[in-house]
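Asker:
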Amino acid sequence: MAMKKVLIVYAHQSAGSFTAAAKDAAVEVLMAQGCQVEVSDLYAMKFNPSATADDITGEVKDAEHFHYGEETMLAWKEGRLSADLTEEQRKLSAADVVLFQFPMYWFTVPAIMKGWIDRVLTMGFAYTSEQRYSQGIFKEKKAMLSFTTGSPESMFSSNGINGDINITLWPLQNGILHYCGFQVLAPQIFWAPHHISPEARSTMLEAWRTRLQGLLGEMPLSFTPSDSFDCERGFQLKEVIEEKHKSEDVGLTVGTHLGKRIPPNSQIKSGV
Numbered sequence: 001m002a003m004k005k006v007l008i009v010y011a012h013q014s015a016g017s018f019t020a021a022a023k024d025a026a027v028e029v030l031m032a033q034g035c036q037v038e039v040s041d042l043y044a045m046k047f048n049p050s051a052t053a054d055d056i057t058g059e060v061k062d063a064e065h066f067h068y069g070e071e072t073m074l075a076w077k078e079g080r081l082s083a084d085l086t087e088e089q090r091k092l093s094a095a096d097v098v099l100f101q102f103p104m105y106w107f108t109v110p111a112i113m114k115g116w117i118d119r120v121l122t123m124g125f126a127y128t129s130e131q132r133y134s135q136g137i138f139k140e141k142k143a144m145l146s147f148t149t150g151s152p153e154s155m156f157s158s159n160g161i162n163g164d165i166n167i168t169l170w171p172l173q174n175g176i177l178h179y180c181g182f183q184v185l186a187p188q189i190f191w192a193p194h195h196i197s198p199e200a201r202s203t204m205l206e207a208w209r210t211r212l213q214g215l216l217g218e219m220p221l222s223f224t225p226s227d228s229f230d231c232e233r234g235f236q237l238k239e240v241i242e243e244k245h246k247s248e249d250v251g252l253t254v255g256t257h258l259g260k261r262i263p264p265n266s267q268i269k270s271g272v
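Structure representation (structure tokens):
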């Protein structure tokens, strides 16, 4: 089997954090399996999260009505993106697997990681209107979220105060990763490590190490294929598929739920 290349996009301010320990474990275990691992340590890099015209070298096409997506797509095609973006796109292009390691902030990724997403995943490089979702540019690559929470699992349940974690993850896993075509692996969730004992945190890390041993062979999460939607109807689900699913108790996905119950665990367990 050819050597796999892994990119870890990592966001934490402290090298002594649990998030850092999880990142270090991933580097160690994956390298022991023969993987080539690169880490983008966003805070250490002082990565700029702001998407502005500074991401383009040379003249922009329309300075008066600046459109970031169109301008960066043109700059990408012409090799005029800023050096930091070009370097991150190089890493991403080379990677077979992309692991996002972070603490969950306000139900999503930290701002510095969101800035990486905003700036690195430029139109043309990461997606086009024709190449997205199951037909996406990165459909040969795998990606996953690995993150800590501040709340215990019970608070992220379907009857918990934070709401169902499957709903929380849908915008990240479907709207970003799957949108770009990635095969999305089930997330690694470290529930509230700050609120448990050192022994329990060690157990969490050991479970992560064990998972990492077989990570490259895991089945991805399931999403509704792009060809299930009718572009003539505004990319709504095709009537024949909707009719076929009419008798089911649950919807197709968290997002395409058809007014039915949301399928349980569809964003946190592979094969569901």
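Sequential numbering of the sequence shown, starting at 1, is according to the UniProt record's numbering.
Where a beta carbon is used, it is the ideal one built from N, C-alpha and C, also for glycine.
1. Can you have a look at Glu-88 and say buried or exposed, based on whether 16 or more other CB atoms are within 10 angstroms of its CB?
2. Would DSSP call Ala-126 helix, strand or coil?
3. Out of Gln-101, Ile-8, Ala-20 and Trp-106, point me to the one whose CA is closest to Val-37's CA.
4. From the DSSP secondary-structure annotation, give me the bridge partner or partners of residue 357.
5. Helix, strand or coil: how does DSSP classify Ser-146 here?
6. Could you tell me how far apart the beta carbons of His-178 and Phe-223 are, in whole angstroms, since I believe they sit closer than 8 Å?
7. Which one or two residues does DSSP pair with Ile-56 in a beta bridge?
8. To the nearest angstrom, how far is the alpha carbon of Thr-72 from that of Leu-92?
9. Could you check where the beta strand (DSSP E) with Leu-212 kicks off and where it finishes?
10. For Arg-90, write down the residues that DSSP places opposite it in a beta bridge.
11. Can you give me the C-alpha to C-alpha distance between Leu-172 and Thr-108, rounded to a whole angstrom?
12. Taking buried to mean at least 16 other C-beta atoms within 10 Å of its own C-beta, is Ala-15 buried or exposed?
13. Taking 8 Å as the cut-off, does the region 192–205 touch the region 143–157 (at least 3 CB pairs, one atom from each stretch)?
14. Among Ala-94, Lys-141, Gln-135 and Leu-145, which residue has its Cα nearest to the Cα of residue 295?
15. Can you tell me whether Leu-172 is helix, strand or coil according to DSSP?
16. Check for me: the alpha helix (DSSP H) holding Phe-18 runs from which residue to which?
17. Compute the Euclidean distance between the alpha carbons of Trp-208 and Lys-4, then round it to the nearest angstrom.
18. With DSSP run on the structure shown, which of helix, strand or coil describes Phe-156?
19. From what residue to what residue does the alpha helix (DSSP H) around Ile-241 run?
20. Measuring CB atoms only, is the region 49–61 touching the region 128–135, in the sense that at least three cross pairs come out at less than 8 Å?
Answerer: By the coordinates alone:
1. The residue in question, Glu-88, is buried, as its Cβ has 16 or more Cβ neighbours within 10 Å.
2. DSSP, read as helix, strand or coil, puts Ala-126 in coil.
3. Ile-8
4. One cannot answer for residue 357 here, as it falls past the ends of the chain, which runs 1 to 272.
5. In this structure, Ser-146 counts as strand in the three-state DSSP scheme.
6. Cβ-Cβ separation between His-178 and Phe-223: approximately 5 Å, consistent with a contact (criterion under 8 Å).
7. Leu-81
8. 17 Å
9. No beta strand (DSSP E) contains Leu-212, which is instead part of the alpha helix (DSSP H) from 198–213.
10. Beta-bridge pairing by DSSP links Arg-90 to no other residue.
11. 8 Å
12. exposed
13. yes
14. Residue 295 falls outside the range modelled here, since the chain spans only 1 to 272, and no answer is possible.
15. Three-state DSSP puts Leu-172 in a helix.
16. Run containing Phe-18: 18–32, per the alpha helix (DSSP H) assignment.
17. Between Trp-208 and Lys-4, the C-alpha separation is close to 19 Å.
18. helix
19. 239–244
20. no
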